[in-house]
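Each residue of the sequence shown is one higher than the last, beginning at 268 in this note's numbering. The beta carbon of each residue, even a glycine, is placed where N, CA and C say it ideally should be. What follows is a single structure, written as structure tokens, with notes after it.
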Amino acid sequence: MSLFGAYAKMNHLNIYKYFKYLFDHLPNRENKDLEGFLPWAKEVQAQCHI
268 MSLFGAYAKM NHLNIYKYFK YLFDHLPNRE NKDLEGFLPW AKEVQAQCHI
């Protein structure tokens with residue numbers, strides 16, 4: 268399991284949904300700020316929480 272997968276699990280995220288969220292949104296980001304994609308970010312929690 269990757270570090271992101273471990274953090275996702277620690278933050279009670281569905282790992283599949285989290286990685287799908289990353290792969291769907293990262294290529295379309297307009298800036299280089301990645302903080303919004305960390306497992307504890309509010310939008311990630313809203314979309315991927317178990």
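For the 9 Å CB-CB criterion, Val-311 and Tyr-283 do not form a contact. Burial check for Leu-270: the Cβ neighbour count within 10 Å stays below 16, so the residue is exposed.
As computed with DSSP, His-316 is found in a beta bridge with Leu-280. With a 10 Å radius around the Cβ and a threshold of 16 neighbouring Cβ atoms, Leu-280 comes out buried.
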